[in-house]
Amino acid sequence: EVQLVESGGGLVQPGRSLRLSCAASGFTFDDYAMHWVRQAPGKGLEWVSGISWDSSTRVYADSVKGRFTISRDNGMNSLYLQMNRLTAEDTALYFCARVTIFGTIFEKWGQGTLVTVSS
Amino acid sequence: DIQMTQSPSSLSASVGDRVTITCQASQDISNYLNWYQQKPGLAPKLLIYDGSRLETGVPSRFSGSGSGTDFTLTISSLQPEDIATYFCQQYDHLLATFGPGTKVDIK
């Protein structure tokens, strides 16, 4: 069974950093690109970042470009999101998501980890 | 950047009604359009991918159509368990954009 388990969320002050992790199991991790998608409280879904299976391609939403860094460790079956210079607008539930091998179709999702940016 | 719009933003319908949600892209996206259902407190669930392909295990009352810039999600006969918010999503290689969502409830 495919499982994606996010961790690392919490309360952080504006301007500080946080690193999210996603532990993957139940599939061959390095066969798939992986992504982060977030959802602010009571709001819609916002795609944040994606990384190819071999880390050769990393893409970001304009809202996080230059502040967030996506990475992965295929040996550890893990996905990461380093978030720097956090603002209140980054407050959201962050989902780790696996896409299909055919395209950026989010077929598997974790349960999310909540990041709250507040002083 | 490709922008996505959805309409309506919310709707109320009766059990058994046919429900239609539309999604429009700001430029031609071919058929690179997916639909998701999200219930409160849960992660989104993939319903339709590449415009019209039904994800395995999704009831056949859900269908998708369209290409280019205009897309439609149809629920042929609304069921109580379909109460949720529905999002469209386009993709271009690894880049993605979601629509703002359509909240569906029972009248």
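Protein sequences appear in the order of chains A and B.
Quick note on numbering: the first sequence equals residues 252 to 370 in my numbering.
Quick note on numbering: the second sequence equals residues 56 to 162 in my numbering.
C-beta atoms are modelled at their ideal positions from N, C-alpha and C, and glycine is treated no differently.
Secondary structure of residue i, DSSP reduced to three states
i, result
"Asp83 of chain B", "coil"
"Asp341 of chain A", "helix"
"Arg137 of chain B", "Just to set this straight, residue 137 of chain B is Asp in the shown sequence, not Arg. The answer is helix: DSSP assigns Asp137 of chain B an H, G or I state."
"Phe278 of chain A", "coil"
"Trp304 of chain A", "coil"
"Met327 of chain A", "coil"
"Ile161 of chain B", "strand"
"Gly121 of chain B", "strand"
"Gln362 of chain A", "coil"
"Ala291 of chain A", "coil"
Residue(s) in a DSSP beta bridge with residue i
i, result
"Asp105 of chain B", "Answer is none; Asp105 of chain B lacks a bridge partner."
"Val315 of chain A", "Paired residues: none, contrary to the question."
"Ala151 of chain B", "B:Tyr146"
"Ser258 of chain A", "A:Ser272"
"Val310 of chain A", "A:Gly301"
"Lys100 of chain B", "B:Gln92"
"Ile130 of chain B", "B:Val74 and B:Phe117"
When the options are compared against residue i, the one with the closest alpha-carbon
i, options, result
"Arg73 of chain B", "B:Arg116, B:Thr111 and B:Ala139", "B:Arg116"
"Pro114 of chain B", "B:Ser81, B:Leu133 and B:Gln58", "B:Leu133"
"Ser276 of chain A", "A:Thr367, A:Thr364 and A:Asn328", "A:Asn328"
"Val368 of chain A", "A:Phe357, A:Thr338 and A:Lys359", "A:Thr338"
"His286 of chain A", "A:Gly293, A:Ala343 and A:Tyr331", "A:Tyr331"
"Gln82 of chain B", "B:Ala151, B:Val70, B:Gly123 and B:Ile76", "B:Gly123"
Per-residue contacts from residue i into chain D (C-beta, under 7 Å)
i, result
"Tyr87 of chain B", "Within the model displayed, chain D is absent; protein chains A and B are what it includes."
Legend entry - the stretch 59–74 of chain B / the stretch 305–325 of chain A touching (three or more Cβ pairs under 8 Å): no
Inset, instruction - Check whether the stretch 83–95 of chain B touches the stretch 343–350 of chain A, counting contact only when three or more Cβ pairs, one atom from each stretch, lie closer than 8 Å. - result: no
Legend entry - Stretch-stretch touch, CB-based, cutoff 8 Å, three pairs: the stretch 98–105 of chain B with the stretch 359–366 of chain A: yes
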